[in-house]
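*Asks:* Dropping a structure here in structure tokens format, bear with me for questions.
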Amino acid sequence: MEDDAETNPSDSPEGSTHIARANPFLRFAFTPADISTPNSPLGKRKQRDNLLANATADKRAKKGLSVSGSKRVKVYDHLQEVGDHLAHGLDVIFCGINPGQQSAEIGHHYGNPTNHFWSCLHESGFTPRKLDPREDFKLPREFCIGLTNLTSRPTIEQSELSKVEQAAGVSTLLEKITKFAPRIVCFVGLGIADIVKAEVAPPKRVGNRAKYKAEVGLQPYKVVHSQTIGSAAGVSETLFFAVSSTSGRVVRYQKGDKIQQFKDLRHVLLQVKDKTFDSSQITSILLHREAVRSGSKSQ
Numbered sequence: 001m002e003d004d005a006e007t008n009p010s011d012s013p014e015g016s017t018h019i020a021r022a023n024p025f026l027r028f029a030f031t032p033a034d035i036s037t038p039n040s041p042l043g044k045r046k047q048r049d050n051l052l053a054n055a056t057a058d059k060r061a062k063k064g065l066s067v068s069g070s071k072r073v074k075v076y077d078h079l080q081e082v083g084d085h086l087a088h089g090l091d092v093i094f095c096g097i098n099p100g101q102q103s104a105e106i107g108h109h110y111g112n113p114t115n116h117f118w119s120c121l122h123e124s125g126f127t128p129r130k131l132d133p134r135e136d137f138k139l140p141r142e143f144c145i146g147l148t149n150l151t152s153r154p155t156i157e158q159s160e161l162s163k164v165e166q167a168a169g170v171s172t173l174l175e176k177i178t179k180f181a182p183r184i185v186c187f188v189g190l191g192i193a194d195i196v197k198a199e200v201a202p203p204k205r206v207g208n209r210a211k212y213k214a215e216v217g218l219q220p221y222k223v224v225h226s227q228t229i230g231s232a233a234g235v236s237e238t239l240f241f242a243v244s245s246t247s248g249r250v251v252r253y254q255k256g257d258k259i260q261q262f263k264d265l266r267h268v269l270l271q272v273k274d275k276t277f278d279s280s281q282i283t284s285i286l287l288h289r290e291a292v293r294s295g296s297k298s299q
């Protein structure tokens with residue numbers, strides 16, 4: 001975020017005030033010198049404007065920041081994307097909104113020390129110990145858990161993502177689900193569930209999209225896989241679950257609440273694996289064939 005520049009009235013030189021008092025009509029005289037000379041009031045104003053512009057550019061360069069389109073859509077050139085950790089037939093794929101600053105700086109998911117994700121994962125029983133963010137690559141192989149994001153572009157604040165790119169991330173997410181066929185996709189943040197719901201809602205519910213607000217827990221839709229994909233992964237359908245953001249800055253839910261949400265997720269997972277979970281009342285998402293085909297070819 002750029003700092004607002006302040007204008008200081010004391011920047012005006014005393015000499016110009018003295019001249020205006022001696023001859024009040026002098027400032028209306030139109031000569032090339034009055035426009036271009038540095039000592040004229042207009043010249044002084046131009047100098048201040050140039051200094052402010054240069055200072056703003058310097059601040060932006062130091063932050064590695066560039067602005068694309070809307071002022072709220074900021075691109076941080078020094079932050080790199082954080083890669084997915086996925087495999088076929090995982091128990092759960094956790095989907096965040098996008099990599100934050102510290103995650104992008106270290107190249108691993110949920111890298112901020114104040115983020116509760118790794119604690120929630122351990123204390124809910126998904127992992128036997130609390131993993132370090134730099135161990136995120138171990139999740140698919142050792143714990144049957146995957147990690148991805150709705151939007152790959154890292155930012156310092158979530159508000160710096162445009163609504164367009166967040167919505168565009170839904171089709172990419174569905175492609176990953178179609179290819180890897182996890183048992184459950186868990187949104188780490190209720191806002192992600194809202195975005196996905198708005199994009200995959202059946203046509204008859206278009207008018208209700210704006211009124212829909214996701215809640216913690218099982219979501220009212222699922223993806224049913226084809227026999228080919230389902231047989232290969234051993235999974236016939238993918239359910240959707242949502243937990244609150246694990247960011248330490250989210251205080252609506254305390255850490256204990258977040259751990260309980262992860263425990264509820266694990267309870268559903270165990271029912272699914274034991275084939276005791278009844279999903280017959282959950283609406284199936286109809287994926288576009290084009291998305292399915294592109295998903296099977298990509299990655």
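Numbering of the sequence shown is given in UniProt numbering, commencing with residue 1 and proceeding in unit increments.
Here a beta-carbon is modelled for each residue, glycine too, at the ideal position from N, C-alpha and C.
Spell out the partners DSSP gives Phe-187 in its beta bridges.
*Replies:* Start at 1 with the first residue of the sequence shown, and residue 187 comes out as number 187. Note: Phe-187 sits in a beta bridge opposite Cys-95, Ala-242.
*Asks:* The beta strand (DSSP E) with Lys-213 in it runs from where to where?
*Replies:* For this step, residue 213 is matched to residue 213 along the sequence shown. Looking at the DSSP string, Lys-213 is not in any beta strand (DSSP E), and its letter there is neither H nor E.
*Asks:* Evaluate the contact criterion for the segment 103 to 117 versus the segment 189 to 197: three or more CB pairs, one atom per stretch, below 8 Å.
*Replies:* Because the criterion of three Cβ pairs below 8 Å is not met, the segment 103 to 117 and the segment 189 to 197 do not touch.
*Asks:* Tyr-110 bridges to which residues according to DSSP?
*Replies:* Here the question's residue 110 lines up with position 110 in the sequence shown. Tyr-110 pairs with nothing; no bridge assigned.
*Asks:* Quick check: what's the CA-CA separation for Leu-235 versus Pro-220?
*Replies:* For this step, residue 235 is matched to residue 235 along the sequence shown. For this step, residue 220 is matched to residue 220 along the sequence shown. According to the sequence shown, residue 235 is Val rather than Leu. So the two alpha carbons sit approximately 19 Å from each other.
*Asks:* Output the residue ranges of the alpha helix (DSSP H) runs that lie fully inside the segment 116 to 195 and measure 4 residues or longer, sorted by chain position.
*Replies:* If we require 4 residues or more, the alpha helix (DSSP H) runs fully inside the segment 116 to 195 come out as 117 to 123, 163 to 180.
*Asks:* Below 8 Å between beta carbons: does that hold for Cys-120 and Val-185?
*Replies:* Within the sequence shown, numbered from 1, the residue matching residue 120 stands at position 120. Within the sequence shown, numbered from 1, the residue matching residue 185 stands at position 185. No.
*Asks:* Does DSSP put Gly-256 in a helix, in a strand, or in coil?
*Replies:* As a working mapping, residue 256 is identified with position 256 in the sequence shown. Three-state result, Gly-256: helix.
*Asks:* Do His-108 and Val-82 have their C-beta atoms within less than 8 Å of each other?
*Replies:* The residue you call residue 108 lines up with position 108 of the sequence shown. The residue you call residue 82 lines up with position 82 of the sequence shown. The answer is yes: Cβ separation under 8 Å.
*Asks:* Can you tell me whether Glu-160 is buried or exposed, with buried defined as 16 or more other CB within 10 angstroms of its CB?
*Replies:* By one-based count along the sequence shown, residue 160 stands at place 160. Its Cβ being crowded by 16 or more others within 10 Å, Glu-160 is buried.
*Asks:* Just the C-alpha distance for Asp-264 and Ala-242, rounded to the nearest angstrom, thanks.
*Replies:* Here residue 264 is taken as the residue at index 264 of the sequence shown, counted from 1. Here residue 242 is taken as the residue at index 242 of the sequence shown, counted from 1. Those two C-alpha atoms are separated by around 10 Å.
*Asks:* Val-188: which of Lys-176, Gln-271, Asp-274, Ile-97 sits nearest, CA to CA?
*Replies:* The residue labelled residue 188 in the question sits at position 188 within the sequence shown. The shortest C-alpha separation from Val-188 is found at Ile-97.
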